[in-house]
Amino acid sequence: MADAPAAGPPQDLPLYEPPAARPQEPGPMPGHGPYQPHEPGYGLCAPQGGPCEDPTSEQPPPSPRELALINAKAYLLQSSTKSGLSLYDHLANMLTKILDEHPINAADIIENISKDVKWAQFQKKMDTLRDEYEILPTFELAEKHKVLFLKGNGDGDQEPEEEITDTPLPNVMETAFYFEQAGIGLSKDEYYHVFLALKQLVNTQPIHTCRFWGKILGLEMNYIVAEVEYREGEEEEETEEEEEEEEKLIEEGGKEGSEVEDEDEEKDDDEPPKSTYKPPAATPKEENRTGANKFIYFVCNEPGKPWMKLPPVTPAQIVAARKIKKFFTGRLDAPIVSYPPFPGNEANYLRAQIARISAGTQISPLGFYQFGEEEGDEEEEGGSGRDTYEENPDFEPISVMELVESLSNWVHHVQNILMQGRCIWINPIQKSEEEEEEVEEEEKADESDEPQQEVGPPLLTPLSEDTEIQNIPPWTAQLSTNLVPQYAVAVIQSNLWPGAYAFATGKKFDNIYLGWGHKYSPDNYIPPLPPPVQAEYPSGPEITEMSDPTVEEEQALRAAQEEALAAAEEMEEMEEEEDDDEDD
Amino acid sequence: MEADGLGLEQALALAAGGGAGLSPEKRAALGASLLLLRRDYRFQRVRFWGRLQGLRAAYYIADGRATDLAAPPQRLYSLNCVEWSLLPPATEEMIAQTAGLRGRFQGDPSYEYESPERKEDSDRIYEDDSGLFIKEETRLVATIEQIDRAVGIIPRGAFVKTPLGPVHENRNFEGLSMTEAKKLNSYFHFTEPVNLKNKTLLEKADLDPSIDFLDSLEHDIPKGSWSIQLERGGTVVILRSLLWLGLTFYHIPMTKQYGYVYFGTGEKNMDLPFML
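Those protein sequence lines, which keep their order, are chains A and B. Just so you know, we're using the working numbering here: the first sequence kicks off at 774 and counts up by one. Just so you know, we're using the working numbering here: the second sequence kicks off at 73 and counts up by one.
In structure tokens:
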């Protein structure tokens, strides 16, 4: 390197150590700055000599090796335009980490170490406490899932022959396959878990038929619903217990009431008068196994968690459920805060919605079910129509194309729920004998007030009779595939209850519900208004206010009365005189 | 966000907790046609956005982005997952026009809705009424744009903003941790931030400007419009929007996998305040 004219090193080389830090560094670096010696800017960008530089000391120019070293270092110190990281710093951090931790085979995992160091940049440096080992709920759930996969110990002793034939367990994976062809359903893993959970349910409860009804989504947790029918006689014990409890409560309540009344009679003067208002008797709920309570429903939050039985539904709950629209939280004991107040908690609301959805969307191909032999007259009081059906052994499968083209090839096989909240109408005026006697004494109900009997569409009505929702057809039918119509599956989805699907192919069909559990309405939900203020009493002349007569009016009245009196007396005197005259 | 190819399978499996999915036929068709879309339109990445169920047919929507990830994506729709048509970009005018339309989608892109304004001006029959009929395609575009704006979310840290402005994907994003994943403030809306400026200085001091440059979900109105759950035994975090029923966001904590799909009817849930 030939000597170059004395000029300070260019100061704009990034991160290049200034000569002040290294006093042994020679002066100008010819050919390495942005300006080459022959260019006009050379030598102008740097002051002529730094403050610490000793112009007299003439250091030998750096050897090529040192130069290369300095250049290489300068390059390494250059920060990346994308992330602001410089290779020099990164390598320094990496080597520090390696030297601190001394991993085995560091050369093999060097890329991972590099990634970790980069990642560590994004993490905030929190305090230096050790991380707590989190006992995650995921592990508990995994434990529960594992239990599902193990065969129960007690079942191993039973003869396997019993289980293979005639098991109430439905073939969930088969239905899952058909629904998947239509693009509906949960993932295969989840289906399998549900399958095993149902098996667990079947083993623990005395069940006659069981079906995977569907999944209802909730805010915190979801519900997996199983529709179950108990074996004959199994579940009556529970209802008897419930009824006994209810009767005891009523008796106790009655005794308390009478005691209170005795006391009240003594203190009649002090107590305000008791109201004679009797709330209208609640519509009695339907018996188990009939109507809306035909099936028992079990729910669980996740497969593996214990199954919980939902209570039977009462008509009051169905009527209230029609008026509110609330999301499910996922906890069965959550209260439902709504107007009108819902009589029950989330378990009851869930049950009511399940009942409504089943009544509205459980369908089957025409002919699969038929009515049994006629039981009794149809002209019996109430005219409830038939409410039982059985499988048709001579069912001939309808072709898939026909199922899709015409909705009349599908029928509802669950009874419609009337406005009253029951499937079979009951006259609410029928009271018990005691109440009737009281009623006769006090009032007589007018015959015109009797509610009209409600009639709904009978069982096994075809879907073509369903009403439209404001020009939207209530059902949409499609083939699962247009490319391979020979093996297509007919799929039908409800527009009234979004999330309700049914498929049919050949002799197989099934229904499922996967959704949030609410009805669709094109208009927004409007909460019902509170009822109008009740009238206190009818207004009549006795209680209408009138202004009091003024003093002048009273005096005038009295004067008029006195005149009349005086006139009357005169009349009497005159009559007496006449009589006297006559007597004489 | 990458949901083409293998990513699609997994995305669908994870989002299927809500009951909606694709049949194997559609999935296979999508695998092929999304790749072709990427080639034809020169996208850098294409993903399956979701399915909008109409009365007679369903729309399958895909969106593709070029290199700049912050630019609005181009959206395409198809009725059979094989042939795709490009949708026009959404404009404010479109959104305003279709704001009054209610009810389900018909399933026919050329179906025309009567604009609600037209019904009021029934005197003006003599005027040219071509502008008062709204095509279903327009409604589709506006709805998708609204959904993306309102509920398109990403986990915190997935994207970084450089000091110069452009937004890049964070190659070092390794997923949220389990505790972070259950909190709503670990997720951001992937649109222009609205609430960020309103934060107090104290809150802003805690933010990291390279990562926290978007609105988080914590301050969504109404409160509680997201349902956050752990599914599949707790391995996947699923967020479901209650405002647009059908939007499902999934993320496997401690991994790079996340994404969202929409399977629904394309209607906003206006009853949300009553339902909570």
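Where is the CB? At the ideal position from N, CA and C, for every residue including glycine.
Bridge-paired residues (DSSP) for residue 205 of chain B: For residue 205 of chain B, which the question treats as bridged, DSSP gives the partners B/186.
Bridge partners - residue 216 of chain B, DSSP secondary structure assignment: Bridge pairing for residue 216 of chain B: absent [DSSP].
Own chain partners of residue 1247 of chain A with C-beta closer than 8 angstroms, once the 5 adjacent residues on each side are dropped: Closer than 8 angstroms at Cβ, skipping near neighbours: 1236, 1239, 1240, 1241, 1267, 1268, 1269.
Supposed contact pair residue 1097 of chain A and residue 1115 of chain A - C-beta distance, whole angstroms, cut 8 angstroms: The C-beta distance from residue 1115 of chain A to residue 1097 of chain A rounds to 6 angstroms, short enough to meet the 8 angstroms contact threshold.
How should residue 1274 of chain A be labelled, buried or exposed, when 16 other C-beta atoms within 10 angstroms of its C-beta is the threshold for buried? It is buried - the Cβ of residue 1274 of chain A has at least 16 other Cβ atoms within 10 Å.
Any beta-carbon of chain A closer than 8 angstroms to the one on residue 332 of chain B? For residue 332 of chain B, the answer is no, since every Cβ of chain A falls outside 8 angstroms of its Cβ.
Determine whether the Cβ of residue 191 of chain B lies closer than 8 angstroms to any Cβ atom of chain A. Residue placement at residue 191 of chain B is poorly supported in this model, since its pLDDT is 49, which falls under 50; the coordinates still yield a value, given next. Cβ-Cβ to chain A under 8 angstroms: no for residue 191 of chain B.
Beta carbons nearer than 7 angstroms to chain B: which residues of the segment 1287 to 1309 of chain A have them? Cβ contacts with chain B: 1287, 1288, 1289, 1295, 1297, 1298, 1300.
Spell out whether any CB of chain B is found under 8 angstroms from the CB atom of residue 994 of chain A. Under the Cβ criterion of 8 angstroms, residue 994 of chain A is counted among the residues facing chain B.
Is the Cβ of residue 1240 of chain A closer than 8 angstroms to any Cβ of chain B? Taking 8 angstroms as the threshold, the shortest C-beta distance from residue 1240 of chain A to chain B does not fall below it.
May I have the straight-line CA-CA distance separating residue 1118 of chain A from residue 981 of chain A, to the nearest angstrom? Taking the CA atoms as reference points, residue 1118 of chain A sits about 28 angstroms from residue 981 of chain A.
In three-state terms, what does DSSP make of residue 1186 of chain A? Reduced to three states, the DSSP call for residue 1186 of chain A is coil.
Helix, strand or coil for residue 1071 of chain A per DSSP? Residue 1071 of chain A sits in a strand when the DSSP states are folded into three classes.
Under DSSP, the beta strand (DSSP E) around residue 1198 of chain A begins and ends at which residues? If you look at residue 1198 of chain A, you'll find it isn't in any beta strand (DSSP E); DSSP assigns it neither H nor E.
Could you work out which residue in B/277, B/160, B/227 is closest to residue 325 of chain B when comparing CA atoms only? Ranking the options by Cα distance to residue 325 of chain B, first place goes to B/227.
Under 8 angstroms from the C-beta of residue 338 of chain B: neighbouring residues of chain A: Listed along chain A, no residue sits closer than 8 angstroms to residue 338 of chain B by beta-carbon distance, the nearest being about 12 angstroms off.
What does residue 1246 of chain A touch in chain B if you count any residue whose Cβ is under 8 angstroms from its own? The contacting residues are 127.
With 8 angstroms set as the bound, which would you pick, yes or no: does the beta-carbon of residue 1208 of chain A sit closer than that to a beta-carbon of chain B? Residue placement at residue 1208 of chain A is poorly supported in this model, since its pLDDT is 43, which falls under 50; the coordinates still yield a value, given next. With 8 angstroms as the cut-off, residue 1208 of chain A does not count as an interface residue toward chain B.
Tell me the residue span of the beta strand (DSSP E) that contains residue 1281 of chain A. Counting along the chain, the beta strand (DSSP E) containing residue 1281 of chain A begins and ends at 1281 to 1288.
Compare the C-beta of residue 963 of chain A with all C-beta atoms of chain B and state if any pair is closer than 8 angstroms. Chain B, which has a Cβ nearer than 8 angstroms to the Cβ of residue 963 of chain A, makes this yes.
Can you pull the chain B residues whose beta carbon is under 9 angstroms from the beta carbon of residue 954 of chain A, in chain order? Within 9 angstroms Cβ-Cβ: 95, 96, 97.
Does chain A have any CB closer than 8 angstroms to the CB of residue 229 of chain B? Chain A, which has a Cβ nearer than 8 angstroms to the Cβ of residue 229 of chain B, makes this yes.
contact_flag[the segment 303 to 321 of chain B, the segment 274 to 281 of chain B] where n(CB pairs < 8 angstroms) is 3 or more: Judged by Cβ distances under 8 angstroms, the segment 303 to 321 of chain B makes no contact with the segment 274 to 281 of chain B, as fewer than three pairs qualify.
Could you tell me the alpha carbon to alpha carbon distance between residue 1046 of chain A and residue 1309 of chain A, rounded to whole angstroms? Those two C-alpha atoms are separated by around 15 angstroms.
From residue 155 of chain B to residue 105 of chain B, what distance separates their C-alpha atoms? Near 8 angstroms, if we compare the C-alpha coordinates of residue 105 of chain B and residue 155 of chain B.
Beta-carbon contacts of residue 1032 of chain A that lie in its chain and below 8 angstroms, excluding the five residues immediately before and after: Reliability fails at residue 1032 of chain A, whose pLDDT of 44 lies under 50, so the model's placement of it is uncertain and the value that follows must be treated cautiously. Hits under 8 angstroms: none found.
So, at 6 angstroms on beta carbons, what are the nonlocal neighbours of residue 126 of chain B in its own chain, with the 5 sequence-adjacent residues on each side left out? These residues qualify, in order along the chain: 177, 178, 179.
Hey, is residue 136 of chain B's beta-carbon within less than 8 angstroms of any beta-carbon in chain A? The Cβ of residue 136 of chain B sits no closer than 8 angstroms to any Cβ of chain A.
Which residues of chain A have a Cβ atom closer than 7 angstroms to the Cβ of residue 317 of chain B, listed in chain order? For residue 317 of chain B, the C-beta contacts it makes with chain A under 7 angstroms involve 1289, in order along the chain.
So is residue 1184 of chain A buried or exposed if we call it buried at 16+ other beta carbons inside 10 Å? By the 10 Å Cβ count, residue 1184 of chain A comes out buried.
Which value, in whole angstroms, describes the spacing of the CA atoms of residue 1126 of chain A and residue 233 of chain B? Straight-line Cα distance between these residues: approximately 47 angstroms.
With three or more beta-carbon pairs closer than 8 angstroms as the criterion, would you say the segment 985 to 992 of chain A touches the segment 1100 to 1107 of chain A? Verdict: yes, contact present.
I'd like the span of the alpha helix (DSSP H) that includes residue 290 of chain B, first residue to last. For residue 290 of chain B, no alpha helix (DSSP H) segment is defined, and its DSSP state is neither H nor E.
Mind checking if residue 90 of chain B is an interface residue toward chain A, Cβ cutoff 8 angstroms exclusive? Taking Cβ atoms only, chain A reaches closer than 8 angstroms to residue 90 of chain B, which makes this a yes.
So, is the C-beta of residue 301 of chain B closer than 8 angstroms to a C-beta in chain A? Between residue 301 of chain B and chain A, the shortest Cβ-Cβ separation is below 8 angstroms.
Indicate the three-state DSSP secondary structure (helix, strand or coil) for residue 1101 of chain A in the structure shown. Residue 1101 of chain A falls in the coil class under three-state DSSP.
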